[in-house]
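A.B. asks: Quick note, the working numbering runs 4 ahead of the 1-based positions in the sequence shown. Each residue gets a CB set at the ideal place from its N, CA and C atoms; glycine is no exception. There's a structure below that I have some questions on.
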Amino acid sequence: MRVSKRFSKEGDILKKKVLVAMSGGVDSTVVSYLLQQEGHEIEGVYMKLHDNPAYHQENIQKVEKVAHFLGIKHHILDLSKHFNEAVFMPFIDSYKEGLTPNPCVLCNRNIKLGALLEFTKERGFDLLATGHYAQIKDGFIHEAVDQSKDQSYFLSNVNKEALNNVIFPLGTMLKSDVKEIASGIDVLKSFATQKESSEICFVEDTYLEILETHIDTDLPGEVINLEGEVVGTHRGYMHYTIGKRKGFTVHGAHDPHYVLSINTEKNQITVGTKEYLNVKAFEVIDLNMFIDTQTFESSVKIRYRSPKIPCEVTIDGKNATVKLYEDVQGLAPGQAAVFYDEEKVIGSGWIKGEVC
Numbered sequence: 005m006r007v008s009k010r011f012s013k014e015g016d017i018l019k020k021k022v023l024v025a026m027s028g029g030v031d032s033t034v035v036s037y038l039l040q041q042e043g044h045e046i047e048g049v050y051m052k053l054h055d056n057p058a059y060h061q062e063n064i065q066k067v068e069k070v071a072h073f074l075g076i077k078h079h080i081l082d083l084s085k086h087f088n089e090a091v092f093m094p095f096i097d098s099y100k101e102g103l104t105p106n107p108c109v110l111c112n113r114n115i116k117l118g119a120l121l122e123f124t125k126e127r128g129f130d131l132l133a134t135g136h137y138a139q140i141k142d143g144f145i146h147e148a149v150d151q152s153k154d155q156s157y158f159l160s161n162v163n164k165e166a167l168n169n170v171i172f173p174l175g176t177m178l179k180s181d182v183k184e185i186a187s188g189i190d191v192l193k194s195f196a197t198q199k200e201s202s203e204i205c206f207v208e209d210t211y212l213e214i215l216e217t218h219i220d221t222d223l224p225g226e227v228i229n230l231e232g233e234v235v236g237t238h239r240g241y242m243h244y245t246i247g248k249r250k251g252f253t254v255h256g257a258h259d260p261h262y263v264l265s266i267n268t269e270k271n272q273i274t275v276g277t278k279e280y281l282n283v284k285a286f287e288v289i290d291l292n293m294f295i296d297t298q299t300f301e302s303s304v305k306i307r308y309r310s311p312k313i314p315c316e317v318t319i320d321g322k323n324a325t326v327k328l329y330e331d332v333q334g335l336a337p338g339q340a341a342v343f344y345d346e347e348k349v350i351g352s353g354w355i356k357g358e359v360c
């Protein structure tokens, strides 16, 4: 079993007062257990982030079960208003604008390592611990040992200063080890086998179900080709993201067609064959950098599950141009572009669009 080096070697953080973000899942449960085993003085906190009483009731019961087992105090922190303003409504607004949002990136910056970290400091804790699969080394976010669970991409937009007061105890562990620890403790066995939570906490099935409660998503419109000719119809532009190949009609097409761009004002989507998805360079805005340099070579991820692509980045103020050494497909405005130096996150920005 891989065991986090943090618990065996980093003596400078031992015997600290630590607040643990507890969700009712196996990851935060094991974090709480391990930190207490190492001798930390810990308390837990459960965050209410959205309006779903049944969801919260179930999770709070789990948190209470763990807190009782460990003999620790736990807090219930209602951040729903802040979450609505900083994460949920930007999610809705992004789809209105024809973008593909990433609410988890916003949540980590504004809520988990934002408002929750402020609460941690206000209550006199030394550190905030979360169940993220990532590592912090020398003030930088690094990828987790378990690549299949790595969340460094989602953490790339956080304030660099926040990393001084946060620990990710699971960063050097495998998910299988975490489950093994939970399954070896009678009271926690059920946590090891429970269903994994979805990536977006407020989306139970599809994002469209969320959008439909706020806006009309079914607005039939035109499908056009790269020459601007009307070649088919679609259900409404919010049903589509860049690279999607289903859910619209293209009259007389013999090859698969993909969404290349979205025009929200005209309610049109532009489609083309797969080779037209290739992108050689793109622009990012609202940079969040961990290094101070204007031009650098690195690798970049344009989506959470995408591979890293070698690139050259040229910064101009808060924006940058990214020149790729290999073409990519499916570049979606609104997603995060995350820059890596091997396994270390060195910055990120929001994808604006292709640069021709």
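#1: Excluding five sequence neighbours on each side, which residues of the same chain lie with their C-beta closer than 7 Å to the C-beta of Asp31?
#2: Can you confirm whether the segment 163 to 180 touches the segment 119 to 128 when touching is taken to mean that 3 or more C-beta pairs between the two stretches lie within less than 8 Å?
#3: Does the separation of the CB atoms of Ile171 and Ala133 fall below 8 Å?
#4: Can you tell me whether DSSP reads Val349 as helix, strand or coil?
#5: According to DSSP, is Val109 part of a helix, a strand, or is it coil?
#6: Quick one: Cα of Val24 to Cα of Ser152, how far?
#7: Going by beta-carbon coordinates alone, are Tyr50 and Met26 separated by less than 8 Å?
#8: Are the segment 237 to 254 and the segment 270 to 277 touching, with three or more C-beta to C-beta distances below 8 Å?
#9: May I have the straight-line CA-CA distance separating His54 from Gly256, to the nearest angstrom?
#10: What are the boundary residues of the alpha helix (DSSP H) that Phe95 is part of?
#11: Helix, strand or coil for Lys295? Go by DSSP, reduced to three states.
#12: Using a Cβ-Cβ cut-off of 6 Å (strictly less than) and excluding sequence neighbours within five positions of Lys77, which residues of its own chain qualify?
#13: Exposed or buried, what is Tyr37 when buried is set at 16 or more other beta-carbons lying within 10 Å of its beta-carbon?
#14: Along the chain, where does the beta strand (DSSP E) that runs through Phe87 open and close?
#15: Got a sec: is the Cβ-Cβ distance from Lys312 to anything in chain C below 8 Å?
#16: Tell me which residues share the same chain as Ile214 and place their Cβ nearer than 8 Å to its Cβ, disregarding the 5 neighbours each side in the sequence.
#17: Please tell me whether Tyr157 and Lys305 are closer than 8 Å, where the distance is taken between their beta carbons.
C.D. replies: With the structure as the only source:
#1: Gly135, Leu174 and Val182
#2: yes
#3: yes
#4: strand
#5: helix
#6: 23 Å
#7: yes
#8: yes
#9: 45 Å
#10: Met93 to Lys100
#11: Residue 295 is actually Ile in this sequence, not Lys. Reduced to three states, the DSSP call for Ile295 is coil.
#12: Glu47
#13: buried
#14: Phe87 -> not in any beta strand (DSSP E); alpha helix (DSSP H) instead, spanning Ser84 to Phe87.
#15: Checking the listed chains, one finds no chain C in this structure; it contains a single protein chain.
#16: Phe95, Ile96, Phe206 and Val207
#17: yes
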